[in-house]
Amino acid sequence: MRKHFILISVLVVIVGPLWAQQSVYTINQFTPLLINPAYATMNYDADLSFFREELTIGQGEFFNTNSLNADYVFVEKESGRRLLGLGFNGLSKDTGTSDLLKTYRAGLSVAVPIELTEGQFLHFGLNATYVNIRTSMDQLSTGSQWIASEFRYDPSSGLGESFEVQQLSYVSLSGGLIWDIQKENRPFATFGVSVWELNKPEASFFDEEVRTPMTFCFHGESVLYERAKFKLTPSFYYQREGSVNTYTAMVSSKLFFRNDNPYDIIQSGNLDVIARYGFNQDASLAVVFNQPHFSFGFSYNFPLGTQNQYLQNGIQLGVTVSKTLWRPRTKTITIETVSSRRQFDFEQTAVVREQKSEVEQMKSELEQLDKVKTLQFELSKDFHFARAEAQLTADSYPFLDDMVKLMKENPAWTLQVIGHTDNVGSKKDNYELSLLRARAVEEYLLSHGMAGEQVTILGRGDTEPIASNDTEEGKAENRRVQFLIHAINE
1 MRKHFILISV LVVIVGPLWA QQSVYTINQF TPLLINPAYA TMNYDADLSF
51 FREELTIGQG EFFNTNSLNA DYVFVEKESG RRLLGLGFNG LSKDTGTSDL
101 LKTYRAGLSV AVPIELTEGQ FLHFGLNATY VNIRTSMDQL STGSQWIASE
151 FRYDPSSGLG ESFEVQQLSY VSLSGGLIWD IQKENRPFAT FGVSVWELNK
201 PEASFFDEEV RTPMTFCFHG ESVLYERAKF KLTPSFYYQR EGSVNTYTAM
251 VSSKLFFRND NPYDIIQSGN LDVIARYGFN QDASLAVVFN QPHFSFGFSY
301 NFPLGTQNQY LQNGIQLGVT VSKTLWRPRT KTITIETVSS RRQFDFEQTA
351 VVREQKSEVE QMKSELEQLD KVKTLQFELS KDFHFARAEA QLTADSYPFL
401 DDMVKLMKEN PAWTLQVIGH TDNVGSKKDN YELSLLRARA VEEYLLSHGM
451 AGEQVTILGR GDTEPIASND TEEGKAENRR VQFLIHAINE
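Heads up, the sequence shown is in full-length UniProt numbering, so the first residue is 1 and it goes up one at a time.
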């Protein structure tokens with residue numbers, strides 16, 4: 001029994017830092033519930049993620065980690081208020097082919113958010129995890145297997161000793177809190193604390209009573225620099241398990257790209273380059289490719305200095321598929337243009353009283369909104385094109401002249417022009433035609449004095465019809481240009 005104890009003790013000393021439940025991985029967006037159970041309500045998505053890590057330990061031995069993470073948030077459909085988040089994490093850790101030590105975990109997290117002020121939330125999370133740890137000495141060699149005449153071991157020979165599989169199971173309870181700060185409905189900063197093994201479960205293979213110490217984790221990140229297509233976000237993690245302190249620093253550099261062609265496989269997203277430094281003399285570099293409903297990441301680990309004797313090179317892989325569960329609904333106000341009696345319906349994401357007024361009255365309404373700083377208005381009435389054409393007609397000029405006047409009076413506002421087609425022709429041709437229609441509008445606006453930085457164009461092809469394409473009347477309705485105004489209440 002003492003031999004067993006020594007072998008297991010030595011193994012735990014070597015891989016102990018890796019065996020902790022709250023490992024801070026470089027691409028930890030694929031393992032959020034291992035950092036803090038409150039992450040289950042941090043967004044409006046249902047996520048399913050897989051993560052794998054392989055690290056070399058000593059001479060040719062590997063330490064492997066596999067994780068499956070799933071979370072789902074329940075949302076009130078009318079208001080968009082997040083009510084409850086559920087998360088599941090399955091985790092396995094092993095020492096590769098040696099089979100000396102294995103751990104299996106299955107955890108359930110529950111989280112609720114509380115809105116403090118506009119753009120600030122507190123997320124509370126609890127976690128219960130079932131843990132099973134086992135050891136096996138089957139892969140060990142003993143002197144009884146040594147063939148002296150041939151100077152080799154014979155693994156098929158008996159060990160000469162009896163080894164039993166040792167295992168233990170327990171339930172671990174944990175909790176966490178996250179302070180989430182948003183700016184203009186986008187993540188800006190998060191600060192959190194989590195406490196793992198709150199119940200200090202007993203974890204001993206032998207008669208000696210050994211309890212798992214509580215682990216405290218403090219983490220924080222904040223956008224340091226953001227401009228156009230680039231965002232820089234540093235983060236810091238501090239963990240204390242028993243008397244052992246661990247520090248980790250990371251920097252995320254996101255490069256954003258845009259592709260609005262609905263027929264391309266790659267859509268608008270970002271490329272995240274992450275650098276990580278562990279104060280236990282290791283570092284890593286990672287790249288994560290993020291799409292609207294899919295993410296894939298790769299990380300390479302390497303040791304620093306000479307004191308790190310056990311943790312060698314390694315890799316991490318992660319993949320996520322997601323689905324957005326809720327998007328803001330809009331309410332409608334009606335605006336009448338200054339120079340004509342034509343009325344246009346605007347849609348916006350903030351709550352505004354229904355009104356009928358001229359543009360000057362619309363601006364007065366904006367000035368009275370204390371909390372809302374930005375508004376989006378979408379013109380639901382638009383003008384149309386002849387089949388397979390992208391040429392403006394004289395009927396559209398008065399409306400476009402009004403648009404130029406409105407945007408010149410509000411230089412901080414931006415306009416997005418979106419072209420559409422019917423379903424006649426190929427998908428590719430329709431996309432190109434819709435882009436030509438939006439570009440024709442853009443050229444008119446710019447030639448009449450609108451600033452170039454105020455307008456952008458998109459093509460949607462035939463992907464967003466507003467009428468049935470089964471009739472000629474419906475097809476005519478779908479050959480259109482759409483307008484989206486992003487108004488800033490300064």
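A virtual CB, placed ideally from N, CA and C, is assigned to each residue, including glycine.
A quick note: this is a predicted structure, and the numbers were derived from the prediction, not measured.
The criterion of a C-beta distance shorter than 7 Å is satisfied by ALA438 and GLY419.
Take GLY305, set aside five residues on each side of it, and the residues of its chain with a beta-carbon closer than 8 Å to its own are GLN281, in chain order. The beta carbons of VAL251 and PRO234 sit about 5 Å from each other, so the pair counts as a contact at 8 Å. For PHE294, the secondary structure class from DSSP, reduced to helix, strand or coil, is strand. A distance below 6 Å between beta-carbons, with the five flanking residues on each side excluded, links SER222 to the following residues of its chain, in chain order: ALA189. Distance from SER253 to LEU232 at the Cβ level is roughly 6 Å; contact confirmed, criterion being Cβ atoms closer than 8 Å. For ASN132, the secondary structure class from DSSP, reduced to helix, strand or coil, is strand. Residue range 427–447 is occupied by the alpha helix (DSSP H) that includes ARG439, with no beta strand (DSSP E) assigned at that position. For PHE279, the three-state secondary structure derived from DSSP is coil.
According to DSSP, residue pairing for GLY90 in a beta bridge involves LEU68 and ALA106. Distance from the CA atom of GLY125 to the CA atom of SER92, rounded to whole angstroms, is 22 Å.
One alpha carbon belongs to ARG327, the other to PRO113, and they sit about 18 Å apart.
Straight through space, the alpha carbons of GLU53 and TYR237 are spaced by roughly 19 Å. Counting along the chain, the unbroken beta strand (DSSP E) around MET250 starts and ends at 244–257.
DSSP places GLU115 within a strand segment (E or B) once states are collapsed to three. Look at the beta carbons and you see the segment 439–454 touching the segment 396–409: at least three pairs across the two are nearer than 8 Å. For the 7 Å CB-CB criterion, LEU392 and ALA440 form a contact. Burial is judged here by how many other beta carbons sit within 10 angstroms of a residue's own beta carbon; ASN28 has at least 16 and is buried. For the 7 Å CB-CB criterion, ASP47 and THR320 form a contact.
Burial is judged here by how many other beta carbons sit within 10 angstroms of a residue's own beta carbon; GLN239 has at least 16 and is buried.
With respect to the C-alpha of HIS486, the residue from ARG479, GLY461, THR414 and GLU477 having the closest C-alpha is THR414. A straight line joining the alpha-carbon of ASP402 with that of ALA467 spans about 27 Å. By the 16-neighbour rule on beta-carbons within 10 angstroms, GLY176 is buried.
DSSP places GLY96 in the helix class (H, G or I) of the three-state scheme. Selection GLU118, GLY192, GLU442 and SER49 evaluated against GLU184 yields GLU118 as nearest (Cα-Cα).
Rounded to the nearest whole angstrom, the C-alpha separation of TYR130 and SER299 is 28 Å.
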